[in-house]
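For reference, the structure is listed below as structure tokens.
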Amino acid sequence: KEAKVLTSRTGVAQIPAVMNGNVYAIYHQFYNHPYNIVGMEYLAKFIYPQEFKTLDPAKTYHDIVRQYTQLPDQDFILGWSAKI
């Protein structure tokens, strides 16, 4: 929701990357968190989709949860790509 608000702001909406739909966001808690690797994988896929087409950040997240935590292994939305 917040990413859509940001991309519709005056000035931001006129940036060529925004106009072309090249805007990406990652859940902010991943910046300084053990799941940071998952955020980095999403960024890699967003920025270089061909080079990282076999990378699966969602699988990495689930693997970490299953192997290193006692949290329930549930789906979690981690990345967002603008559809402008």
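The numbering of the sequence shown is our numbering, which starts it at 66 and goes up by one.
Built from N, CA and C at the ideal position, the CB exists for glycine as well.
In the three-state reduction of the DSSP assignment, residue 78 falls in the coil class. The residue from 123, 112, 124 with its alpha-carbon nearest to that of residue 82 is 112. The secondary-structure analysis by DSSP pairs residue 68 with nothing; it has no beta-bridge partner. Going by C-alpha positions, residue 134 is about 12 Å away from residue 100.
For residue 125, the enclosing alpha helix (DSSP H) starts and ends at 122–133.
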